[in-house]
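Mapping the sequence shown onto our numbering, position 160 (from 1) lands on 300, and the numbers just tick up by one.
Reading through the structure tokens given below for one structure.
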Amino acid sequence: MRINLLVSNTSNVELRIDPTVVLATRSFVDLRIQEELSKLDNKQSVRAATTGPIVLAGIQTVDGIALVAGDRVLVKNQASGKDNGLYSVVAGNAWLRVVDADASAEVTHNLMVSVEQGDTLFDTLWQLTTNAPITLGTTALVFEQVAGPTGVLPGTYNRVTVDRRGLVMAGFNPTTLGGYGIADAYSKTEIDTRVAALQPKLGFVPVQQGTGAGQQNNQVRLGWSGSALKAAVDNTDLGNLWYSGNFDPTTKANVGSTLFAYGITDAYTKAETDARDSARPIGDAITHVGFAADDTASPYMRRSSDGAVYYLQPKILYTPVQQGTGVGQKQNAIKIGYSQPGVVKLTVDNSDFGTIWTSGNFDPTSKANVGTTLFSYGITDAYTKAEADARDAARPLADSITYVGFAGNDPALPYMRRASDGTTYFLQPKLAFVPIQQGSGPGQSSNLVKLGWSSGGLKAAVDNTDLGTLWYSGNFDPTNKANVGTTLFSYGILDAYTKNETDARDMERPLKSEVYAKADVYTKGETDSRLNGRPIADSITHVGLAADNPAAPYLRRTADGAVYFLVSDQNLGPKVAALGLVGIGQYAFARVITAYGNSINQGTSVPGSNLIFSSTAVGDGTSSNSGAIAIGVWRAQGAFNNTERTLFQRIQ
Numbered sequence: 141m142r143i144n145l146l147v148s149n150t151s152n153v154e155l156r157i158d159p160t161v162v163l164a165t166r167s168f169v170d171l172r173i174q175e176e177l178s179k180l181d182n183k184q185s186v187r188a189a190t191t192g193p194i195v196l197a198g199i200q201t202v203d204g205i206a207l208v209a210g211d212r213v214l215v216k217n218q219a220s221g222k223d224n225g226l227y228s229v230v231a232g233n234a235w236l237r238v239v240d241a242d243a244s245a246e247v248t249h250n251l252m253v254s255v256e257q258g259d260t261l262f263d264t265l266w267q268l269t270t271n272a273p274i275t276l277g278t279t280a281l282v283f284e285q286v287a288g289p290t291g292v293l294p295g296t297y298n299r300v301t302v303d304r305r306g307l308v309m310a311g312f313n314p315t316t317l318g319g320y321g322i323a324d325a326y327s328k329t330e331i332d333t334r335v336a337a338l339q340p341k342l343g344f345v346p347v348q349q350g351t352g353a354g355q356q357n358n359q360v361r362l363g364w365s366g367s368a369l370k371a372a373v374d375n376t377d378l379g380n381l382w383y384s385g386n387f388d389p390t391t392k393a394n395v396g397s398t399l400f401a402y403g404i405t406d407a408y409t410k411a412e413t414d415a416r417d418s419a420r421p422i423g424d425a426i427t428h429v430g431f432a433a434d435d436t437a438s439p440y441m442r443r444s445s446d447g448a449v450y451y452l453q454p455k456i457l458y459t460p461v462q463q464g465t466g467v468g469q470k471q472n473a474i475k476i477g478y479s480q481p482g483v484v485k486l487t488v489d490n491s492d493f494g495t496i497w498t499s500g501n502f503d504p505t506s507k508a509n510v511g512t513t514l515f516s517y518g519i520t521d522a523y524t525k526a527e528a529d530a531r532d533a534a535r536p537l538a539d540s541i542t543y544v545g546f547a548g549n550d551p552a553l554p555y556m557r558r559a560s561d562g563t564t565y566f567l568q569p570k571l572a573f574v575p576i577q578q579g580s581g582p583g584q585s586s587n588l589v590k591l592g593w594s595s596g597g598l599k600a601a602v603d604n605t606d607l608g609t610l611w612y613s614g615n616f617d618p619t620n621k622a623n624v625g626t627t628l629f630s631y632g633i634l635d636a637y638t639k640n641e642t643d644a645r646d647m648e649r650p651l652k653s654e655v656y657a658k659a660d661v662y663t664k665g666e667t668d669s670r671l672n673g674r675p676i677a678d679s680i681t682h683v684g685l686a687a688d689n690p691a692a693p694y695l696r697r698t699a700d701g702a703v704y705f706l707v708s709d710q711n712l713g714p715k716v717a718a719l720g721l722v723g724i725g726q727y728a729f730a731r732v733i734t735a736y737g738n739s740i741n742q743g744t745s746v747p748g749s750n751l752i753f754s755s756t757a758v759g760d761g762t763s764s765n766s767g768a769i770a771i772g773v774w775r776a777q778g779a780f781n782n783t784e785r786t787l788f789q790r791i792q
């Protein structure tokens, strides 16, 4: 120490120097540095960490590691949380809390410590999640893993258990619906049971029964009677069906009762014929009838076959019964004579026609009038032609078949026998359900449509083309879907921010990484990505640059409003120089000087002589750094490529 004094009289000056006040001892400086370093969140790493409650005394094995005196251990599973913390192993006596975590001021909220070894907890990073204020020995201390292995082997898992920090704590590959927790789907066995009860696949497209306009659900049956194709509805026989083999409708006219109704113009009606016939006698094997030589006493007829003249009976003096000349009558000799009481007989030529009916032996009221219809005769046990035609029209025609019916009288084996070769072709029995008609709709083709259940749901195929999974009420609810739009408002979304709202919120938060502009609306995933690009405020009210000074980044604590200045690329050198790097477990953000190559994994050890301090700024790299670390051996806490930056921890 040099002091220059300018005085007028040295006799009035007394200079006294107290070494205890002016000088700071080496031990004092070391103690003060140790005290300040102990208050930092980052603690020197421990050799092992507990996996359950232990007795805090003596030499023992923790997580498969045989401890020795002086080893640092993270104790986190004690029955009483106040006994948790960082301890140093003492042989034969109770363990002591380590010097950098044996006071309340040194055990801070968010304290971080890494574990070096262990069967399950090696290379893991743990954080104290107990909120301030913390009184060591009174406040229960809770530690949570924030990085490192969780015991889950590398691989692909269909089902995982994730903790609140996003770490995969367990992984599974279930092989059953129950393993996935799925309760609204059928297992393979259940599906096989249900499929076995279904209608086997038909080899043809069946005719749909009923459900058409004006149709009922009665059971319609078709079958071969041995000579014709017959139909029945339920148990009612509809008779034979008309088909092209036994009926040609093109050769038939509509039913009518007059020549006019059939459009016939080359024939006389009965009235016209009767009028003409009434004007002429009926000629029966004769060519002429009249009087010979115009002699009225010599009426005659001339026979057609030989031209012979046959004279007729002139008028007699009584009214005789005229023989012949009637409609359809011949000239055969008719003889009527009394045979016995009440019996008059008839003979034509020499042929006996038997008894003539008279009122004495015949009652015409007991007989029907001659007619041309069943109705005119009162016949009720026969069908008219119109009724028979209607019944036949309701039955199909046999087209190239000889038989139709049930094989062996088995209703489950309906069949038809082809006429050309006698081959039997079995038909589809009545379905227990109403099938869906395949094709024939507007714009539809006749391709084979197939529906079936797969492990992924109900699937469809056309011919051999897989159409994928079908949507149905079990896996799709259209009422939960919105019409396509381009804004949150068009979808009626209320639990998401628009781009403008998100931008306004983001302007109040510092960026953690670059976020690129999207469309006029961010999706929930994009919004989450943007929010994930910004740090979560944990017990702080502000983060920023004090007085707009880039060398003074800070956080303001919520509990007391205290300001805590951070390390940045602007103040990294002075901060590092002030903190020092002598302690194992210290962290540094750096990059390698000589590249190691691509895909360098977490846990790789790098000598400090190959590390340069860096920052988190995107533009920083080779030219913007705070110099080489140059001491110790450091473990990478994150993967990196070539000279990319990551967090390193000193391990030697």
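Every residue gets a Cβ at the ideal spot worked out from N, C-alpha and C, and that includes glycine.
Proximity winner among the options, relative to residue i (alpha-carbon distances)
i, options, result
"Ala188", "Asn615, Thr260, Asn182 and Val300", "Thr260"
"Arg361", "Leu571, Gly608, Leu598 and Glu784", "Leu571"
"Ala538", "Asp521, Lys525, Pro551 and Met556", "Met556"
"Gln742", "Ser244, Lys222, Phe262 and His249", "Phe262"
"Asn250", "Gly366, Arg304, Asp211 and Lys183", "Lys183"
"Val373", "Trp364, Arg645, Asn357 and Trp382", "Asn357"
"Gly363", "Asn375, Ala353 and Gly352", "Asn375"
"Ile576", "Gly311, Thr564 and Lys590", "Lys590"
"Val239", "Val213, Thr413, Asn604 and Ala644", "Val213"
"Ser479", "Val461, Asn472, Ile496 and Ala393", "Ile496"
"Thr279", "Asp417, Pro289 and Gly225", "Gly225"
Whole-angstrom distance between residue j and residue i, CA atom to CA atom
i, j, result
"Pro314", "Arg696", "48 Å"
"Asn640", "Thr619", "29 Å"
"Thr333", "Gln339", "13 Å"
"Gly545", "Pro536", "14 Å"
"Ile194", "Ser220", "11 Å"
"Asn782", "Thr269", "35 Å"
"Gly306", "Leu281", "22 Å"
"Gly91", "Asp550", "Past the boundaries of the shown model lies residue 91; the chain is included only from 141 to 792, so the question cannot be answered."
"Ser185", "Arg299", "33 Å"
"Gly684", "Phe705", "10 Å"
"Gln676", "Leu598", "Checking the sequence shown, residue 676 turns out to be Ile, not Gln. When rounded, the distance between both Cα atoms is 44 Å."
"Gln359", "Tyr517", "37 Å"
"Val624", "Asn615", "20 Å"
"Gln267", "Asp635", "32 Å"
"Glu666", "Thr627", "14 Å"
"Thr744", "Tyr736", "10 Å"
"Thr391", "Gly379", "22 Å"
"Thr465", "Gly500", "28 Å"
Paired residues, beta bridge with residue i - DSSP
i, result
"Ala371", "Leu362 and Gly379"
"Pro747", "Val773"
"Ser228", "Arg212 and Leu236"
"Asn182", "Met252"
"Ile752", "Arg731 and Ala768"
"Glu284", "Gln267"
"Arg697", "Ile680"
"Pro554", "Phe546"
"Pro439", "Phe431"
"Gln463", "Its beta-bridge partners do not exist; DSSP assigns none."
Counted within 10 angstroms of its Cβ, other Cβ atoms place residue i as buried (16 or more) or exposed
i, result
"Thr786", "buried"
"Lys216", "buried"
"Gly772", "buried"
"Ile740", "buried"
"Ser754", "buried"
"Ser653", "In this predicted model, Ser653 has a pLDDT of only 40, less than 50, meaning its place in the structure is not dependable; the value taken from the coordinates is given anyway. That one is exposed."
"Lys507", "exposed"
"Thr409", "exposed"
"Arg420", "exposed"
"Ile752", "buried"
"Ile199", "exposed"
"Asp688", "exposed"
Residue i CB to nearest heavy atom of the ligand PLP below 7 Å
i, result
"Gln267", "This structure lacks the ligand PLP; in fact it carries no ligand of any kind."
Sufficient close CB pairs (3 or more, under 8 Å) joining the region 539-553 to the region 308-326 | Note that the region 539-553 does not touch the region 308-326; fewer than 3 beta-carbon pairs, one per stretch, sit closer than 8 Å.
The region 256-272 contacting the region 228-237, beta-carbon criterion three pairs below 8 Å = no
So does the region 334-354 actually touch the region 567-585, counting three or more Cβ pairs closer than 8 Å?
-> yes
At least 3 beta-carbon pairs within less than 8 Å: the region 381-390 vs the region 525-535 | Two segments are said to touch when three or more pairs of C-beta atoms, one from each, lie closer than 8 Å; by this definition the region 381-390 touches the region 525-535.
Per the contact definition of three or more C-beta pairs closer than 8 Å, is the region 420-428 in contact with the region 440-455?
-> yes
Do the region 607-614 and the region 584-598 meet, that is, are 3 or more Cβ pairs less than 8 Å apart?
-> yes
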